[in-house]
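Per our numbering, the very first residue in the sequence shown carries number -10; after that it's consecutive.
Virtual Cβ for every residue (Gly too), placed ideally from N, Cα, C.
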Amino acid sequence: MKKLLLVFLAAAAFSCGDNKKNEKTEMKMDTPMEEKVAPEEIIMDSNVAVVTIEGNDQMKYNKSEIRVKAGQTVKLTLKHVGKMKKMVMGHNWVLLTQDADMATVGQAGAMAADNDYIPADMTDMIITHTKMLGGGESDTIEFEAPAPGTYTFMCTFPAHYALMQGTFIVE
C-alpha cells in the first residue's frame, strides 16, 4: 500500500512539474519582449509636443486634458474615429484664449455652418483649430504653445461643446 501511495505521489509531482514548466513556457511566449509605444507618444524633440486626440460618433474626445510646455511647437492630430458623415456628426478641435467663454463661442459656432462652424466674428477668441472632419478623417495642425496657463479646447459643431471639451494646460 505504501508503494502504491509513493508511486501515486511521484506521478502527481512529476505531472504537476510538467504543467508548471509548460505554464512558464506559455507565459514567456505570451509576454511581449519589449513594450510597444504608440507612435503619437514618441517625442523625437523636446521642443515639439506630439498630440493625437480622437473624436467619435458618441460626441466624445478620448482626452479631457492635454499638457504641453510654454513655447513648444505642438503638432496636434485630430482623428474622427466614427463612421458618420461630417454634416451629421462633424468634429473639430478648437483651442480658445483664456478669456473666451466656451458657451458663447459654441453657440456662435453653431450658426457658422458656412465657415466650418468657426464664428468669423470671434476669431480673436480662438488660438487655433483643425478643420471640420467626418468619420474616418483626420487633420494635423502645428502651432506654438501659448503662455503658461489653463485653456479650454472644444468642438464647435452644433451642440457638441457640451460634451466635447477639455483642458489644455501650458506649463
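Own chain partners of residue i with C-beta closer than 8 Å, once the 5 adjacent residues on each side are dropped
i           : result
residue 116 : 84, 85, 86, 132, 135, 140
residue 160 : 56, 57, 58, 59, 137
residue 91  : 85, 141, 143, 150, 154
residue 152 : 48, 49
Other residues of its chain near residue i: CB distance less than 6 Å, five sequence neighbours each side excluded
i           : result
residue 154 : 143
residue 63  : 38, 57, 132, 134
residue 148 : none
residue 70  : 43, 45
residue 73  : 46, 124
As assigned by DSSP and simplified to three states, the class of residue i
i           : result
residue 75  : helix
residue 59  : coil
residue 148 : coil
residue 43  : strand
Rounded separation between residue i and residue j - CA only
i           : j           : result
residue 67  : residue 88  : 24 Å
residue 112 : residue 128 : 19 Å
residue 108 : residue 158 : 24 Å
residue 36  : residue 65  : 14 Å
Residues near residue i by beta carbon distance below 7 Å, same chain, minus five either side
i          : result
residue 75 : 121, 122, 123
Query raised in the report: Which residue spans inside the region 89 to 136 form an unbroken beta strand (DSSP E) run of at least 3?
Result: 115 to 118, 127 to 133
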